[in-house]
C-alpha cells in the first residue's frame, strides 16, 4: 500500500474518480433504459464528444497556463464555414490539404489571441471575450448569409464521419472519435514527456517563479493559444464533416460546453494542474448525461435543469473525493517523513498583475 | 356602410377593368420617397436573404428613391435586437417597418410606439400573436393549411398503415413553428389521420448541431419511428443528414419545410422524399409592395381592401382566421417539392 | 567550473570568478545602486549586509539577469558579459536561491529540481530524473520523496529543493538571498554544512542574511551596503558585528541586551492540555500580564499551530483555554479577536496584509466596525487619524498613510501589521516570526516595541526561529517538538544549549509550571 | 504607475471616449440629441445595466457569476407562471424575487460554504436555472399582465424616465455608496485582493461572498421582472446570453478580472460608452452583429493601448537616462 502511495499521486488518480462517476452514471442509466448497453449508445456518446474533446484538449493547455480562451466557439464556426466554402467551390481539393488549411486558419486566429495576451499583457478573458464577438462578427459579415450544404461537399468528406476505423466485433470506432482519441493520447504523452510542454504546468503553477528562473512565459502562453486555435480549427473541420450543413451560427456557444468539460474534468481553473485525459473524461461525462437523460424519457423541458444539477454534483463530488484522497496520502506521508509537517500552506500565490 | 358601398362600387369598376385600374393605382404612387426597414428574425441564414432580394426587386419596380434598409439582429440576441431596431427606426422617423417577428408579443410595446409615431408596421413570415401594434400580416400561406399539409405529408410518408412520428422544431419559443405545430395537432383530429401517432416534440434551436443530435436521439428513443416532421429549414436538413448517416432512410423519413437548394440531395436519395415551402423571394416582394402602398396612403389596412402587387397579381386584406384579431394578406400557395420538381427549384 | 578547481579552503585566488565594476541602477526617482564594485572568488563565501532597500536585492537581480544595469560592467571568469535573462545567467553558471522559495507547487520535487535544465533534451526521462534527484538529495543528506508534488512541502523542505536545484546546475556562482530566514537553528546548521561543501568544490557564494551571528559564522568576506552604495568590504577577521551594524545603519545598535522583565502576577491566559487532532497535543501554560513567552522549536514543531488554535483560525479539538480565569471557546478568528487575542502572522505577504490596499485600510481592517458612522459608512478621516497615531507611535516610515502597503519595506510592513493588531486592544498578542525578513535597524525597533507592549500589561507570545531573539525577548521559553510541548524554561535556565537540547528531543525534567505529567 | 493613477487615467480614457462618441453621434445623426432617444438608449439595455452593477461587485470580490442571465429568465418565468396560476401580481413578483434569492443562496452555498470555484458553480447555474425556467413555461409565452405592471416597464414615470431607468440610477448610487463608503464595500475589496489575509484578520470571507452572490441573484431577479414589464410578456428564453454583455461592460469599466480593483464610476462610464456606441451605430443603420465586434474590439483595445503606451514611455524613459 505504501509502495503504491509512493508511486501514485492523488492528483493522478482524480481521473480515476471521474471514471468511476461515469461508470456509475452508465450503470444508473442502464438499469432504466432498454437496450442501453449497446454499441449504438457507445457510438452516440463517442461521436457527440469527439469535437468537444478536441477543443477541450486545446483549452486545457490554455487553462493550465492560468488563462482561458472563450473564443473557441467562434474559431470552430469560422474555420468550419470557410473551409466548407472552400471545399464546396473546389471539390477536388486534396483532403490533407483541406485539413491543413483548417488547422492553419484556426492557428492564425489563435495567434491573434496569443499575441495580445502574451505581449499585449491583456487578461485572456478580456481578449477572448472580444475575439469571441469579433471572429463571429467577421464571419457573419463576410458570409453573405450563405449556408454550406452537404450536396456541395465531396463524397469523401460526407462519408468521413461514418468511416469505421477499428471494427471490434460490431463496435464501431468511427473516424472522428478515433481522431479525438489520437489527439488526447498524443497530447497526454506530450504533456507528460516533452520538456517544453511541462512548462505549461510550471507557468500556471507559479508564474512568479517561472519568471525568476527565466522560463519563456510569453512564448509558452502564446504557444498554448496557438495550439488551442489550431485544435479548434481541426474541430471546425470535424464539425463540417459531421454535420455537413454549416451556417454562420456553427459552433455558437461551444465555449461554454468546452469550459464545462474542462472544469468537470478536474483541470484547475487557476492553472497548473489537470490533464487532457481529465478534460476528455469531463466531456464524456457531460456527453453521457446529455445523451442518456433524453432516452430516460425525461421531458425535453427538464433536461437542462437536471443537467445543471448533475454538473454541479460532478464538480462537488470530484472535489470531495480529491480532498479525501489527499488526506489519505497525507497521513501516509506524515509517517514517511516526520520532518515535513508544517501548517500554514502558502499555496495561494499572488494573483498575476 | 357608405364605405362598404364605395368599396363595392370600386369592385364593380375593377371587375370591369381590372388591369388598367389597379395598375393606375400603383403607378400613381410610384416613385415616392418612403423610407422602409426590412427586419428579419436574424441575419445569416438564406431564407431571409431571399426575402431581402424580393423586397429589393419590388423597390426597384416601385422606383422608391429611398434605399431599403435591411437590418437584423444576431440570432442569440434576436428578441432584444429586434426591439432595439424597431425603437431606433422609430427614432429615425422611418415611414414603415416590415418585421418577421421572432419576439412574440414581446415586440408589442415597441411596435405600438412606432405606430404612435405614424409608422406603418407590417409583419411578414411571422406575425405578432396578439396583432397589437401591427397593421397587417403578410402571410406566406394559411397557417391552418400548413398544419394540414404537414399532416398529409406525414401520412403519405408513413403509408396507409400510419405509425409513430415525431416533430423536430426550432426553439420552444419560435412563434411560427408553435403555431404550425398547433395547427397540425388540430388537423390530426380528422379521422383520416387516426393512425398517425405523434410521440414527441423536440427542439433543435435552429442550430444544425443540436438538430442533428436531436434527430439521432429520436430514432434511438423510438425504434419504430416512421417519420420526423421538421417545420424549420435548419432542422429538416440537419435531420436528413442524421438519417442518412444512420443509414436509416429506408425506415425513417423526414419531411417538413425546407429550402429546395439545401434539400436537393436528400430528396433524390430518398431520405426526404417530399417537403414543402413557399417562395421567400415572393414573400419579400409582396411584403414590400403592401407596405409601400400603406405608407404612401394608397392602401388602407382594413378588411376587404384590395390592391395589385406587381407581378404577383391581386391581393385582398382579410381577417386573419388563425388569430383572435388582426388582418392578413395571404400569399399562398406553397409548393410541395419531390424528386420531380426539386431540381428545377434548387437552381 | 575549471577555474575553481583544486582550491583549498580560504586560499588566495588568482582571478575572481565574478567581478562587478561600477554598476549603477535607477528606478524612477530612487537611485537603487550607485557605482558598486565587488569581486567574488572561487571557494569564497561573501556575505552582503544592509538594511532593506540598501541595494542588495537590486544587485542580485542584476547579477541574475532580472534587471539590466544602467551603467557599469559585469565580468564572469574575466570576460565581460551581458546577462539579459535568468535563463542566460543559468547558462553562465550563476544561480540564485531566494528567501521565499520559488517552487512550482503542482510539479513534483524531481521536476522542480530539473526544471531549468536546458540540456536534458526534449523528452523527459522520468525514471532517470527521479533517480538523479534522489541521488542529489542523498548527497545533500536529505530524504525527500521526489515524486511528491511540491505543494504542501514545509519551507525547510522547499529550501532544500531549491539548493538541490542550484547544485544540479553545476553552478560557479551561487547567490543565496536570506536562505535562513525561515529555517530553525538546527536546519541552519544543516544548510551551512551544505554551503561549506559547495565552497570546498570551488563554488563562489554570495550570501545575504540579516542574522549577524550566521554571517560571522560562515562568511569569508563581509560587504555592507547602505542607500545603494557599497560602504565597506572586510574579511571576517577584520570585521566585528558592531562595526558591520554601524556601517549598515550609520549608528550603533545592540541586539544582545536582554529586556528587563515586567511580568505581573495575574494570569491573563491559561491553556490546559490543548490539542488539535493530528497536529499537536498536550500544550499547557499560563501567560501572565506583561509577560513575554517565547515559543522555540524547529520549524514544523507545531508552534504556529498552537498560535492559530488560540486565535481560532484552526481551532483546537481538545483541551481548555481560560481567558482571565474564564473558560472560553475559540472556533473562528472572530471569536479570538472578540476575546482580545491577536495573532500576527509569520507570512506578511499572503496572510498578514492586503498588499494592494492602503496603510490605514490595513490597520483598521479587523475592527472596521468601530469606524462606521451612524449611517453605516466608513469614516476614513477617523481611520487616517488612527493610522497616523500608529505611524508616530511605531515610527512607520511613509509619506502618507494612504500609501499602498506593497510599497513599504519589510520592516515597515511588519510595523503596519503590528499596528493593525494593537488597534484591536488585545490582552494577548501572539507574534509569529515578528522579525523575519526585517533588517537590523527595524529589528531593534520591533524588539523595543515588544518590550513596550509588555510593559503596558499585554501578555505576549513570541514564536521565533531566531533563537538569540527568543532568548533576548522572553521571560520564559516554551519549547515544542513534533507537536508536543517539551519544556518551559525560565530566563535563568534558558540558553542556547538548554533550548536546543529540548527542541532536539531530550525532555527537560525541571519544567517550572508546565503541565502536570 | 500607481494603482490609483491607473484607475484615474482609466476613467479619463473612458470619459474621453464617451465625449468623442457623443460628439460623433450628434454630428452623424440628427435624431441622436433628443430626449426621447436618450431615454431609449438607456431603456433598451436597462436590465443589463442594472445587472452590471452587482456583477462589478462580484468581480471586484474576486469571483464571477455566469448565472445572472438565467436567473433573470428564471425570475421572469416564476412570476409569469405564478401569475398565470391565478396568484395576484404583487405576490407573483415577490415569488420571483424569492426565486432569485433561492438561486443566489444555492450559488452561495457551493461557493462560500463548500468552496467550489465560482466559475464552475455558476456555469452549472447558467444551465440549470434556465432549465427550471423552461420547466415552468415550456413552449408557452405568458402575457396579459395587469396594466399597472406594463406601465411600470413601458411608460415614463418621473419626467421622461421610466421606472427601470429610475431604479438603475437609484441602484447605481446605492451600490456606489455600498462599495466605496460602507464596511461591506471595503471587505469586498479586501476579499477580492487577498481572501486569505482577510480570513486571518477575522473577516468572515464566506459571508461576504455569500452576500455578493445572493445580492447578485436578487438584483438579477429584479432586472428580470423589469424586463418582463418592458416586454409585456414572458418566454423561456428571456435574457438568454446576456451574461457575456454584462461581463464585457464591467471589464470595459476597468474592473480587474482578478479581483480587488475597479470602481463603479468606471463601470458607469463604460455603460454609457457602450449604450451611446450601440445607439449611434443603430441610428447609422449598423447591425447588431457589427456592433458586437466593434465593442469586442473596443474591449481589447481599452486595455491594450494603455499597456502599449506605458511600454513605449518606459522605453523612451529608459533611453533618456
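Residue numbers (the working numbering), protein chains in the order written: chain A, 1002 to 1354; chain L, 576 to 922; chain V, 6 to 522; chain R, 4 to 324.
All C-beta atoms, glycine included, are put in the ideal place defined by N, C-alpha and C.
**Report entry** Where the beta strand (DSSP E) containing residue 275(V) begins and where it ends
**Finding:** On the third chain, residue 275(V) is found 270 positions in, with the first residue counted as 1. It spans 272-281 - the beta strand (DSSP E) in which residue 275(V) sits, taken as one unbroken run.
Requested in this report: Determine, using beta carbons only, whether residue 194(R) comes closer than 8 Å to chain A.
Outcome: Taking the fourth chain and counting its residues from 1, one reaches residue 194(R) at position 191. Residue 194(R) does not count as touching chain A.
Report task. Indicate whether residue 1057(A) and residue 1284(A) have their beta-carbon atoms separated by less than 8 Å. Result -> On the first chain, residue 1057(A) is found 56 positions in, with the first residue counted as 1. On the first chain, residue 1284(A) is found 283 positions in, with the first residue counted as 1. Taking the C-beta atoms as reference points, residue 1284(A) is found nearer than 8 Å to residue 1057(A).
Report task. With 8 Å as the threshold, decide whether the Cβ of residue 623(L) is near any Cβ in chain A. Result -> Here residue 623(L) refers to the residue found at position 48 when the second chain is read from its first residue. By this cut-off, residue 623(L) is an interface position.
Requested in this report: Counting only runs of 3+ residues fully inside the region 277-357 of chain V, write out the beta strand (DSSP E) ranges in chain order.
Outcome: As far as the region 277-357 of chain V is concerned, its whole beta strand (DSSP E) runs of at least 3 residues are 285-293, 297-302, 323-328, 331-333, 346-349.
**Report entry** Terminal residues of the beta strand (DSSP E) in which residue 231(V) lies
**Finding:** Counting from 1 along the third chain, the entry for residue 231(V) is found at position 226. In the DSSP assignment, residue 231(V) falls within the beta strand (DSSP E) that extends over 226-231.
Query raised in the report: What residues from chain A crowd round residue 138(R), counting only those whose CB sits closer than 7 Å?
Result: Locating residue 138(R) in the fourth chain gives position 135, where the first residue counts as 1. Those are 1302, 1303, 1306, listed as they occur along chain A.
Query raised in the report: Would you call the CB atoms of residue 1080(A) and residue 1237(A) closer than 8 Å?
Result: The residue you call residue 1080(A) lines up with position 79 of the first chain. The residue you call residue 1237(A) lines up with position 236 of the first chain. For residue 1080(A) and residue 1237(A), yes; Cβs fall inside 8 Å.
Query raised in the report: Can the beta-carbon of residue 116(V) be found closer than 8 Å to that of residue 1199(A)?
Result: Translated into the one-based positions of the third chain, residue 116(V) becomes position 111. Translated into the one-based positions of the first chain, residue 1199(A) becomes position 198. Going by C-beta atoms, residue 116(V) is nearer than 8 Å to residue 1199(A).
**Report entry** Cβ-based burial, residue 615(L) [other Cβ within 10 Å; buried from 16]
**Finding:** Along the second chain, read from residue 1 onward, the residue named residue 615(L) stands at position 40. Of the other Cβ atoms in all chains shown, 16 or more fall within 10 Å of the Cβ of residue 615(L); this residue is therefore buried.
Query - Residue-level contact to chain D via CB, residue 342(V), 8 Å cutoff - result: Annotation note: the requested chain D is absent from the structure, which comprises protein chains A, L, V and R.
Report task. Say whether the region 898-905 of chain L touches the region 697-711 of chain L, bearing in mind that this needs 3 or more beta-carbon pairs closer than 8 Å, one atom from each stretch. Result -> Result yes; three or more Cβ-Cβ pairs closer than 8 Å.
Query raised in the report: Is residue 203(V) near the ligand MN, with its Cβ less than 7 Å from a heavy atom?
Result: Among the ligands in the structure shown, none appear at all, so the ligand MN cannot be discussed.
**Report entry** DSSP bridge partner residues for residue 535(L) (one or two, in chain order)
**Finding:** Lying before the first or after the last residue shown, residue 535(L) is absent from chain L, which here runs from 576 to 922.
Requested in this report: Identify the contact partners of residue 1163(A) in chain L, using a Cβ-Cβ distance below 7 Å as the criterion.
Outcome: Mapped onto the first chain, residue 1163(A) falls at position 162. Under a criterion of Cβ atoms nearer than 7 Å, the residues of chain L adjacent to residue 1163(A) are, in order, 820.
**Report entry** Distance between residue 627(L) and residue 665(L) (C-alpha atoms, nearest Å)
**Finding:** Residue 665(L) sits at position 90 when you count from the first residue of the second chain. Residue 627(L) sits at position 52 when you count from the first residue of the second chain. Separation of residue 665(L) and residue 627(L) (C-alpha to C-alpha, rounded to the nearest whole angstrom) is 21 Å.
Requested in this report: Put residue 420(V) into one of helix, strand or coil per three-state DSSP.
Outcome: Stepping through the third chain from its first residue, residue 420(V) is reached at position 415. The three-state secondary structure of residue 420(V), taken from DSSP, is helix.
Query raised in the report: If contact means a Cβ-Cβ distance below 7 Å, which residues of the region 1311-1323 of chain A contact chain R?
Result: The residues in question are 1312, 1313, 1316, 1317, 1320.
Query raised in the report: Which partner residues does residue 699(L) have in the DSSP bridge list?
Result: By one-based count along the second chain, residue 699(L) stands at place 124. Residue pairing of residue 699(L) in beta bridges, as defined by DSSP: 713(L).
Query raised in the report: Taking only beta-carbon atoms, is residue 317(R) less than 8 Å away from chain V?
Result: Your numbering for residue 317(R) matches position 314 in the fourth chain. So, not an interface residue.
Requested in this report: Please specify which runs of the beta strand (DSSP E), each continuous and at least 3 residues long, are wholly inside the region 411-474 of chain V, giving them in chain order.
Outcome: As for any beta strand (DSSP E) of minimum length 3 sitting wholly inside the region 411-474 of chain V, the runs are 433-437, 464-468, ordered along the chain.
Query raised in the report: Quick one: Cα of residue 224(V) to Cα of residue 242(V), how far?
Result: Locating residue 224(V) in the third chain gives position 219, counting from the first residue. Locating residue 242(V) in the third chain gives position 237, counting from the first residue. C-alpha separation (whole angstroms): 10 Å.
Query raised in the report: Who are the neighbours of residue 185(R) on chain L, taking C-beta pairs under 7 Å?
Result: Here residue 185(R) corresponds to residue number 182 of the fourth chain, with the count starting at 1. Per Cβ cutoff of 7 Å: no residues; residue 185(R) is ~33 Å from chain L at best.
**Report entry** Inter-stretch contact at 8 Å, needing at least 3 Cβ pairs: the region 55-70 of chain V / the region 220-240 of chain V
**Finding:** Yes, since at least three Cβ pairs between the region 55-70 of chain V and the region 220-240 of chain V fall closer than 8 Å, the two stretches touch.
Requested in this report: Would you list, in sequence order, the uninterrupted alpha helix (DSSP H) runs of no fewer than 4 residues that lie entirely inside the region 1199-1250 of chain A?
Outcome: Taking 4 residues as the shortest admissible run, the region 1199-1250 of chain A contains the following complete alpha helix (DSSP H) segments, listed from N- to C-terminal end: 1208-1213, 1218-1244.
Query raised in the report: Quick one: what does DSSP say residue 156(V) is sitting in, helix, strand or coil?
Result: In the third chain, counting from the first residue as 1, residue 156(V) sits at position 151. Per DSSP, reduced to three states, the secondary structure at residue 156(V) is coil, with no helix or strand assignment.
Report task. Label residue 319(R) either buried or exposed according to how many other C-beta atoms from any shown protein chain fall within 10 Å of its C-beta, with 16 as the threshold for buried. Result -> Locating residue 319(R) in the fourth chain gives position 316, counting from the first residue. When all chains shown are included, residue 319(R) counts as exposed.
Query raised in the report: Leaving out five residues before and five after residue 138(V) in sequence, what residues of the same chain have Cβ atoms less than 6 Å from its Cβ?
Result: For the purposes of this step, residue 138(V) is taken as residue 133 along the third chain, with counting starting at 1. Excluding the 5 residues flanking it on each side, residue 138(V) has same chain C-beta neighbours closer than 6 Å at 115, 118, 151, in chain order.
Query raised in the report: Using the C-alpha atoms, what's the distance from residue 339(V) back to residue 448(V)?
Result: Here the question's residue 448(V) lines up with position 443 in the third chain. Here the question's residue 339(V) lines up with position 334 in the third chain. Spanning the two alpha carbons is a distance of roughly 29 Å.
Requested in this report: State yes or no: is the C-beta of residue 1103(A) within less than 8 Å of the C-beta of residue 1084(A)?
Outcome: Within the first chain, residue 1103(A) is the residue found at index 102, counting from 1. Within the first chain, residue 1084(A) is the residue found at index 83, counting from 1. Cβ atoms of residue 1103(A) and residue 1084(A): closer than 8 Å.
Query raised in the report: Along chain L, which residues have their Cβ under 9 Å away from the Cβ of residue 1070(A)?
Result: Position 69 of the first chain, counted from the start, is the residue given in the question as residue 1070(A). Close partners of residue 1070(A) in chain L (Cβ separation under 9 Å) are lacking, with about 19 Å as the shortest Cβ gap.
**Report entry** Beta-carbon neighbours of residue 1044(A), restricted to chain V and to distances below 8 Å
**Finding:** Mapped onto the first chain, residue 1044(A) falls at position 43. Within chain V, no residue has its beta carbon less than 8 Å from that of residue 1044(A); the closest one is some 36 Å off.
Report task. Can you give me the Cβ contacts of residue 599(L) inside the same chain, cut-off strictly under 7 Å, excluding the 5 residues immediately before and after it? Result -> Reading the second chain from its first residue, position 24 is the one you call residue 599(L). For residue 599(L), the predicted model reports a pLDDT of 41, less than 50, meaning its position is unreliable; a value from the coordinates is still stated below. Scanning its chain for C-beta atoms nearer than 7 Å, with the 5 sequence neighbours on each side dropped, one finds no residue around residue 599(L).
Query raised in the report: What distance in whole Å lies between the Cβ atoms of residue 722(L) and residue 538(L), which are believed to be in contact at a cut-off of 8 Å?
Result: Only positions 576 to 922 of chain L appear in this structure, which leaves residue 538(L) out of reach.
Query - Interface residues of the region 352-368 of chain V facing chain R [CB-CB below 8 Å] - result: If the cut-off is 8 Å between Cβ atoms, the region 352-368 of chain V has 355, 356, 357, 358, 359, 360, 361, 362, 366 near chain R.
Query raised in the report: So residue 648(L) packs on residue 291(R), CB below 8 Å; how close in whole Å?
Result: Locating residue 648(L) in the second chain gives position 73, counting from the first residue. Locating residue 291(R) in the fourth chain gives position 288, counting from the first residue. The C-beta distance from residue 648(L) to residue 291(R) rounds to 4 Å, short enough to fall under 8 Å.
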